[in-house]
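Chains as they are written, first to last, in our numbering: chain A, 11 to 285; chain B, 11 to 285.
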């Protein structure tokens with residue numbers, strides 16, 4: 011069944027008003043009629059079965075007929091921090107990352123970032139990223155839309171390391187610590203979180219997922235460098251901030267592949283890829 | 011160091027002749043000079059350190075100075091069979107699959123395949139796929155270029171199931187067998203392969219990797235349907251042929267994400283994603 015993430019103000023108890031692109035999609039693409047059923051989510055975890063009551067020209071009204079259980083949200087919070095890559099690679103990372111269960115995307119700038127960072131274009135690009143993530147969340151049956159932060163500086167990213175239970179720095183190395191060994195050495199973070207007090211979250215713009223998350227979900231941050239990799243100095247700084255430098259095996263992954271692959275593997279280890 | 015996969019005829023013992031795109035890349039892009047060193051691979055597993063001896067206009071000569079150990083080849087053979095998806099998604103699957111360690115790509119046609127299959131354009135498309143896979147193999151430091159088959163019929167794909175130790179049919183299901191449970195139920199296929207006689211491989215066009223592979227590497231086939239999924243009847247036929255219908259967790263993955271994700275997870279389980 012078609013799934014729509016509406017802004018929270020689209021919900022007034024059981025009465026729902028669908029506007030904008032979603033209304034357009036329902037009216038023009040789906041050719042919806044009164045009585046049709048869709049799933050409406052508020053993006054914060056509430057999902058309802060809704061029956062359409064009125065189809066206007068730019069607006070659709072509906073009534074919630076049933077609260078649905080939350081689905082599609084993993085038992086760990088996984089944040090992907092990706093140094094701005096060239097072209098539209100970040101869009102791929104965000105789309106695939108959302109399907110795989112990531113809960114937050116953090117673009118950042120580092121020493122070898124080659125793309126020019128244009129603050130003027132930022133607003134537009136951020137809108138586009140958020141649209142891609144919303145659509146991927148709808149398509150993959152998530153209950154919560156992952157959060158997309160505006161690009162951070164390297165220093166600001168280092169601070170985020172203190173907010174997570176585990177920070178994995180994907181660092182291309184011939185030898186040394188590798189992903190599976192790290193995850194098995196650390197053990198199941200969910201068990202630890204359940205026994206420890208939840209650490210308070212720092213206030214960040216638009217942390218919808220953070221404030222609504224069950225306090226016991228452990229947070230894992232995956233950090234991926236740009237095409238040219240991170241520098242040795244950056245690796246040291248990240249390690250000092252608490253990140254673990256980790257290899258992803260003997261094959262060299264492209265920057266846009268590393269985040270997806272690490273996410274799939276961590277989700278697999280946590281039983282989130284089935285089983 | 012720059013890595014080139016040359017056709018086997020480019021090697022004559024220790025004398026190497028580089029032609030075509032690779033020569034162009036060396037001469038025009040790298041502005042190579044005599045004495046420079048590169049890594050030359052024959053795509054079948056041989057890799058050598060080579061010193062350039064002569065730079066022509068369209069040809070570069072080199073001499074092998076050292077045989078290099080084979081790197082980047084996983085301990086399992088992983089074949090990705092993907093029903094032809096729309097647009098350039100298959101190129102993404104092949105590029106990322108090569109980075110992650112897949113050894114063979116098998117496009118196929120199934121009931122809900124929506125792209126038109128044009129036999130006339132096939133040759134050109136196959137060339138393009140093989141070029142993408144070769145470049146991804148060079149970039150990710152593989153020793154062997156994964157094989158790309160021309161698109162198979164569903165019936166021909168079913169026959170391939172008999173050639174592998176495990177066939178995983180990615181099948182979107184609410185419940186039932188899931189990937190991690192399946193892999194753990196099956197156990198380490200490498201141990202089984204080591205004790206069993208190697209099964210002879212069927213003759214297929216251009217099975218360079220198959221004929222040169224160590225006979226003990228177990229083969230795992232991942233089958234992914236098109237955008238609309240495989241039909242119930244196809245799932246039954248695949249199961250009858252020996253495939254295991256397997257879910258990839260509670261989130262619905264796009265067709266081009268499923269193969270990459272399953273590959274990453276299987277490689278992780280086999281210690282091939284580090285650790």
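Backbone N, C-alpha and C fix where the C-beta goes; we use that ideal spot for every residue, glycine too.
Predicted model, so just to flag it, every value in this text is computed and none were measured.
Subject >> Runs of alpha helix (DSSP H) lying entirely within the stretch 247 to 284 of chain A, each at least 4 residues, in chain order >> reply: Fully enclosed alpha helix (DSSP H) runs of 4 or longer: 265 to 279.
Original post:
Between residue 90 of chain A and residue 24 of chain A, is the Cβ-Cβ spacing less than 8 Å?
Top reply: No, the Cβ-Cβ distance between residue 90 of chain A and residue 24 of chain A is not below 8 Å.
**OP:** Could you please give the first and the last residue of the uninterrupted beta strand (DSSP E) stretch that includes residue 93 of chain B?
**Re:** 87 to 93 is the span of the beta strand (DSSP E), which, as asked, contains residue 93 of chain B.
Original post:
Got a sec, what are the start and stop residues for the alpha helix (DSSP H) residue 135 of chain A sits in?
Top reply: Counting along the chain, the unbroken alpha helix (DSSP H) around residue 135 of chain A starts and ends at 129 to 149.
Original post:
Relative to the C-alpha of residue 84 of chain B, which residue among B:164, B:114, B:256 and B:241 is closest?
Top reply: Answer by Cα proximity: B:114.
Subject >> Ordered list of alpha helix (DSSP H) runs contained in the stretch 28 to 91 of chain A, each at least 4 residues >> reply: DSSP runs (the alpha helix (DSSP H)) wholly in the stretch 28 to 91 of chain A: 30 to 34.
Original post:
Roughly how many whole angstroms lie between the Cα atoms of residue 58 of chain B and residue 11 of chain B?
Top reply: The straight-line gap from Cα to Cα measures roughly 12 Å.
Subject >> residue 250 of chain A burial status per 10 Å Cβ neighbour count (16 or more: buried) >> reply: Residue environment: residue 250 of chain A is assigned as exposed (fewer than 16 neighbouring CB atoms within 10 Å of its CB, all protein chains considered).
Original post:
DSSP on residue 177 of chain A, reduced to helix/strand/coil?
Top reply: The three-state secondary structure of residue 177 of chain A, taken from DSSP, is strand.
Original post:
Going along the chain, which residues of its own chain have a beta-carbon closer than 7 Å to the beta-carbon of residue 96 of chain B, five neighbours each way excluded?
Top reply: If we look at residue 96 of chain B and ignore the five residues flanking it on each side, its Cβ neighbours are 124, 125 and 237.
Original post:
Starting from residue 230 of chain B and walking both ways along the beta strand (DSSP E), at which residues does that stretch end?
Top reply: 229 to 234 is the span of the beta strand (DSSP E), which, as asked, contains residue 230 of chain B.
Original post:
If residue 108 of chain B sits next to residue 143 of chain B, beta carbons under 8 Å apart, how far is it from one beta carbon to the other, in whole angstroms?
Top reply: Going by Cβ atoms, the distance from residue 108 of chain B to residue 143 of chain B rounds to 5 Å, so yes, they are a contact pair.
Original post:
From B:172, B:134 and B:152, pick the residue whose C-alpha is nearest to that of residue 81 of chain B; which is it?
Top reply: Closest in C-alpha terms to residue 81 of chain B, from the list B:172, B:134 and B:152, comes B:152.
Original post:
Of the choices A:66, A:53, A:240 and A:43, whose alpha-carbon is the least far from that of residue 29 of chain A?
Top reply: Ranking A:66, A:53, A:240 and A:43 by Cα distance to residue 29 of chain A puts A:66 first.
**OP:** With a threshold of 16 other CB atoms inside 10 Å of the CB of residue 127 of chain A, please say whether the residue is buried or exposed.
**Re:** A residue is called buried when at least 16 other Cβ atoms come within 10 angstroms of its Cβ; residue 127 of chain A does not meet this threshold and is exposed.
Original post:
From the beta carbon of residue 191 of chain A, is the nearest beta carbon of chain B less than 8 Å away?
Top reply: In terms of beta-carbon proximity, residue 191 of chain A lines the interface with chain B, with at least one pair separated by less than 8 Å.
Original post:
When you compare only the Cα positions, how much space is there between residue 147 of chain B and residue 55 of chain B?
Top reply: Computed Cα separation, rounded: 12 Å.
Original post:
If you draw a straight line from the C-alpha of residue 234 of chain B to the C-alpha of residue 275 of chain B, how long is it?
Top reply: Roughly 15 Å separates the two Cα atoms.
**OP:** Closer than 8 Å by beta-carbon distance: list the chain A residues that pair up with residue 278 of chain B, in chain order.
**Re:** Under the 8 Å cutoff, chain A gives 189, 190, 274, 275, 278 and 279.
**OP:** Starting from the Cα of residue 179 of chain B, find the closest Cα among B:139, B:94 and B:269 and give me that residue.
**Re:** Here the closest residue by C-alpha is B:269.
**OP:** Label residue 163 of chain A either buried or exposed according to how many other C-beta atoms from any shown protein chain fall within 10 Å of its C-beta, with 16 as the threshold for buried.
**Re:** Flag for residue 163 of chain A reads exposed.
Subject >> Contact set for residue 188 of chain B: own chain, Cβ-Cβ below 6 Å, skip 5 residues either direction >> reply: Cβ contact annotation for residue 188 of chain B (same chain, cutoff 6 Å, sequence separation greater than five): 257, in chain order.
Subject >> CA nearest to the CA of residue 298 of chain A, picked from A:165, A:71 and A:75 >> reply: Nothing about residue 298 of chain A can be read from this structure; chain A reaches only from 11 to 285.
Original post:
Is the Cβ of residue 77 of chain A closer than 8 Å to any Cβ of chain B?
Top reply: At a cut-off of 8 Å between C-beta atoms, residue 77 of chain A does not count as an interface residue with respect to chain B.
**OP:** Out of B:51, B:69, B:47 and B:71, state which residue places its alpha-carbon closest to the alpha-carbon of residue 61 of chain B.
**Re:** Across the set B:51, B:69, B:47 and B:71, the C-alpha of B:47 shows the shortest separation from the C-alpha of residue 61 of chain B.
**OP:** Taking only heavy atoms of the ligand HEM into account, decide whether any of them is closer than 7 Å to the Cβ of residue 247 of chain B.
**Re:** The ligand HEM is absent from the structure shown, which contains no ligand whatsoever.
Original post:
Which of helix, strand or coil does DSSP assign to residue 161 of chain A?
Top reply: The answer is coil: DSSP assigns residue 161 of chain A none of H, G, I, E or B.
Original post:
Would residue 75 of chain B be called buried (16 or more neighbouring beta carbons within 10 Å of its own) or exposed?
Top reply: Under this definition residue 75 of chain B is an exposed residue.
**OP:** List the whole-angstrom C-beta distance separating residue 267 of chain A from residue 106 of chain B, where the pair is believed to meet the contact cut-off of C-beta under 8 Å.
**Re:** Approximately 5 Å separates the beta-carbon atoms of residue 267 of chain A and residue 106 of chain B; this is inside 8 Å, confirming the contact.
Original post:
For residue 244 of chain A, which of helix, strand or coil comes out of DSSP?
Top reply: Of the three classes helix, strand and coil, the one that applies to residue 244 of chain A here is helix, per DSSP.
Original post:
Starting from residue 171 of chain B and walking both ways along the alpha helix (DSSP H), at which residues does that stretch end?
Top reply: No alpha helix (DSSP H) holds residue 171 of chain B; DSSP gives it neither H nor E.
**OP:** Express the C-alpha separation of residue 239 of chain A and residue 264 of chain A in angstroms, rounding to a whole number.
**Re:** If you take the alpha carbons of residue 264 of chain A and residue 239 of chain A, they lie about 10 Å apart.
Original post:
Buried or exposed: residue 175 of chain B, going by 16 or more other Cβ atoms within 10 Å of its Cβ?
Top reply: Counting every other CB atom within 10 Å of its CB across the protein chains shown gives residue 175 of chain B a total of 16 or more, marking it as buried.
Subject >> Enclosing alpha helix (DSSP H) for residue 194 of chain B [first to last residue] >> reply: 189 to 196 is the extent of the alpha helix (DSSP H) around residue 194 of chain B.
Subject >> Integer-rounded CB distance, given that residue 177 of chain A should sit under 8 Å from residue 253 of chain A >> reply: The Cβ separation is near 4 Å, so the contact holds.
Original post:
Quick one: does residue 96 of chain B have its CB under 8 Å from some CB of chain D?
Top reply: Given the protein chain composition of this structure (A and B), no chain D is represented.
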